[in-house]
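Some notes on the structure that comes next.
In this note's numbering, the protein residues as written are 297 to 378.
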């Protein structure tokens, strides 16, 4: 069964070991699938891409919490009590 690869660029583990700087340079902000025996073993992301991914996950978690809590229960609070 063929595994889906979630990147348009691929590199073998061996090539990654030999040419890391060059591969990082060519990849730019695009993800790179690292293949081991022609199967995806890992994905290489730029720091900027990884940070955006984490921010997006945090946004999705926040949205889930808002939806989950939309129906209450609510607590009445006076501004004077704060």
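Ideal placement from N, C-alpha and C gives every residue a C-beta, glycine not left out.
To the nearest angstrom, report how far apart residue i and residue j are at their CA atoms.
i, j, result
"residue 361", "residue 371", "17 Å"
"residue 375", "residue 347", "37 Å"
"residue 345", "residue 378", "40 Å"
"residue 304", "residue 366", "40 Å"
"residue 373", "residue 354", "28 Å"
"residue 301", "residue 363", "32 Å"
"residue 350", "residue 343", "11 Å"
"residue 319", "residue 333", "19 Å"
Return the Cβ separation of residue i and residue j in integer angstroms, given the expectation that the two are a contact with Cβ distance under 8 Å.
i, j, result
"residue 299", "residue 336", "6 Å"
Compare the Cα-Cα distances from residue i to each of the options and report the closest residue.
i, options, result
"residue 325", "341, 315, 368 and 313", "341"
Practice task
Identify every run of the alpha helix (DSSP H) within the segment 299-358, keeping only runs that are complete inside it and at least 4 residues long; order them along the chain.
Solution key: 309-314 and 316-323
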